[in-house]
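In my numbering, the protein residues as written are 1182 to 2007.
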């Protein structure tokens, strides 16, 4: 459990200005309904009534259920032995039971037990824990805070998070919070007796309808010292209301200890329960919310006493505790350190390793982050760390580090994530190098994918799978040396295969190829090598059109974001939601997906420096018709599309989805989906600018499409929805109005009520078809539909959409029945 984790159940929020709107009374109505248990082998069913919650142990041997009935008659927790069918009542009371939680091994269960209190909206909860199932000696443990004199006054156990047993099962972990008091209505006027001889007060005037609402102030007060913008507080209001402070109750000594408070709000237990780790970001939160560079102080907490010691000040990269719960890993100034929670001492473990663990490939405007730690070894004796190519086993207590993969950097092969084949019960014990381990493998310049096996005591890895494909989802059968994985290519969807640890004869379990065979499909993908204008070596994936004829040039669509060529050997599942590469290749288009790398202060120009050489290199292959190249991107890709058409005429048509168009005005707007400001996006994320626009005006200006709209010669269609919570709707309108004022050929599609992407199926279909019509006209020479030529007035839009929907409906089919009749199927 983590202090301050958001509640699973959302409380109702207030109005725009917040306030008591979220203080709704707890629903005391029974929540029980019928639970149907079906035996899959026989089909036999058992109906259990008035069940509000249920939870199986992981092995399926026990089923716990909460009974929640009318008037709380029979309320309680029941346990069903699924092997024998025996049902026992673990606890029963005139109360509400909530949030069942099993231990990972299924040997312990907890539940919250809530009772109404006249003074509070929230229930007053106690914790009931059960152990000893199946042993004949089951035991019940109860913690009732009302009977504990050390429990903080004014607090109660939170019902917004489950209580759990700790790992040793000698303590409960749970959240506490201040319970919400019920509103006390003001005394009506005149209840105080008048003084002797005084006139009695006149009765209050009958209020006019909605008089109270009309007189109520509705205010949001924005203050420069707010750690979070008011808009962010609004989005996070439910989580804030449901926040609780992690605490622990030690069963043996019957001792309550508060672990989290307002100084250190976020707390989690380290493995083995000896230490807890807390985080305090108060000093850094304001600036972190503005520039995106987030720091925090790390504290080590003694769960037995609550004693807290500062371990790290202004930490940027904390990488979690060791499996034995004695240490934690962190990164600072190019090195990884292990901090002993017992002694408070830190040790640099990578100082002598002949590799760099600085991620030099990260091109954001931040201090270069570390490469990825892949986990601790079993016994917490070493840490596995990637240098972006090879995987190093780095001892914690001294000794030489070992390059387990040997030749990744030399051969330009990336050894990436580890596939955790352990069961859930043992996954947190660390990587057991005495057993075979499997890693994802990726060829940087071949785009080949694979799975490699690390055998105990052997140097280097063995590629058990390798080829022009993508492999994923490797998992092991729990009781056999059998593994399952998926394989996909640009031509074949992901099918499942089974094999042993030697991968000698994989057996295909699923076969999606017959479905693909029914459609026009790309015959393959080519890799296009190019060099950007700043000297970086890059690649693009060029998907050939269906029925491709060598020597013939084809209309081509370019789709991009940042780096995407690594997906060259992945399957493109057809969909109707804007651009889809498989839809376009099936319709005779080639599709080019290039990579982009960025220079600080020039996100838009970086796209130009990379994209134009990519298109020229693709044209040189002979596949791409130089006069029929279109471009489309969404969000960040939409921004770059909008900017590219101001800098080059290489594209015949463009579609920009949800584009940023004015970096200066966008900087100070709100990212409505999160409520935070956009500043961090520009200074430390995709924008890659140094500082704000007032100190870096030229860079913001020269990378803003709107200021170069006069250069646009490429026909452009913009998608921007009115409820876009990521890129403000005004960005699309600003660019559209500027282009329109200059007489440029521009169309904007606004789907009413939609956010950053399209969620409603009718809108997805409509946008997909319009995009296809748009590119078909400019790249294939097909007649332009009337909406492209003349637009559609508001008064005619309803009929326009009805007419298009009729055309989109498939023709009805007549099916002859066995009786000789006919049924019309639509």
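Virtual Cβ for every residue (Gly too), placed ideally from N, Cα, C.
A quick note: this is a predicted structure, and the numbers were derived from the prediction, not measured.
Please confirm whether residue i and residue j have their CB atoms less than 8 Å apart.
i	j	result
residue 1726	residue 1769	yes
residue 1626	residue 1597	no
residue 1279	residue 1257	no
residue 1568	residue 1538	yes
residue 1640	residue 1587	yes
residue 1269	residue 1260	yes
residue 1738	residue 1776	no
residue 1811	residue 1835	yes
residue 1618	residue 1635	yes
residue 1428	residue 1439	yes
residue 1715	residue 1797	no
residue 1524	residue 1540	no
residue 1231	residue 1250	yes
residue 1628	residue 1746	yes
residue 1343	residue 1291	yes
residue 1312	residue 1351	no
residue 1670	residue 1649	yes
residue 1740	residue 1813	yes
residue 1840	residue 1924	no
residue 1445	residue 1489	yes
residue 1749	residue 1788	no
residue 1297	residue 1304	yes
residue 1361	residue 1301	yes
residue 1856	residue 1416	yes
Can you tell me which residues form a DSSP beta bridge with residue i?
i	result
residue 1428	1355 and 1439
residue 1235	1246
residue 2010	Because the chain spans 1182 through 2007 in this model, residue 2010 falls outside it and cannot be assessed.
residue 1295	1277 and 1306
residue 1323	1309
residue 1688	1679
residue 1563	1576
residue 1644	1633
residue 1557	1564
Helix, strand or coil: how does DSSP classify residue i here?
i	result
residue 1568	coil
residue 1383	Confidence in residue 1383 is poor, its pLDDT being 49 and thus under 50, which makes the residue's placement unreliable; the coordinate value appears in the next sentence. Three-state DSSP puts residue 1383 in coil, outside helix and strand.
residue 1545	coil
residue 1968	helix
residue 1378	Because residue 1378 sits at a pLDDT of 43, beneath the cut-off of 50, its placement in the model cannot be relied upon, and the following sentence gives the value as read from the coordinates. Residue 1378 falls in the coil class under three-state DSSP.
residue 1902	coil
residue 1910	helix
residue 1314	coil
residue 1520	strand
residue 1740	strand
residue 1988	helix
residue 1707	strand
residue 1784	helix
residue 1499	strand
residue 1206	Reliability fails at residue 1206, whose pLDDT of 44 lies under 50, so the model's placement of it is uncertain and no value is given.
residue 1846	helix
residue 1585	coil
residue 1800	helix
residue 1878	helix
residue 1831	coil
residue 1772	strand
residue 1551	strand
If contacts are defined as beta-carbon pairs under 8 Å, then residue i and residue j qualify, I think. What distance do you get, rounded to the angstrom?
i	j	result
residue 1530	residue 1575	5 Å
residue 1622	residue 1557	With a Cβ gap of about 22 Å, residue 1622 and residue 1557 do not count as contacting.
residue 1450	residue 1347	7 Å
residue 1437	residue 1336	Residue 1437 to residue 1336, Cβ: 10 Å. No contact.
residue 1283	residue 1238	5 Å
residue 1338	residue 1308	7 Å
residue 1893	residue 1920	6 Å
residue 1432	residue 1322	5 Å
Any beta-carbon of chain C closer than 8 Å to the one on residue i?
i	result
residue 1252	Going by chain labels, chain C is absent from the structure shown, which holds only one protein chain.
For the stretch 1834 to 1853 and the stretch 1445 to 1462, state whether three or more C-beta atom pairs, one from each stretch, are separated by less than 8 Å. Judged by Cβ distances under 8 Å, the stretch 1834 to 1853 makes no contact with the stretch 1445 to 1462, as fewer than three pairs qualify.
Using 8 Å as the threshold, is the stretch 1877 to 1893 in touch with the stretch 1816 to 1830, meaning 3 or more CB pairs across them? yes
Count the C-beta pairs between the stretch 1936 to 1952 and the stretch 1869 to 1879 that are closer than 8 Å, then say yes if the count reaches three, no if not. no
Per the contact definition of three or more C-beta pairs closer than 8 Å, is the stretch 1893 to 1911 in contact with the stretch 1503 to 1517? no
Three or more C-beta pairs below 8 Å linking the stretch 1799 to 1813 and the stretch 1859 to 1872: At 8 Å Cβ cutoff, the stretches do not touch.
Would the stretch 1948 to 1959 count as touching the stretch 1904 to 1924 if we require 3 or more Cβ pairs under 8 Å? Contact between the stretch 1948 to 1959 and the stretch 1904 to 1924 is absent, because fewer than three Cβ pairs lie under 8 Å.
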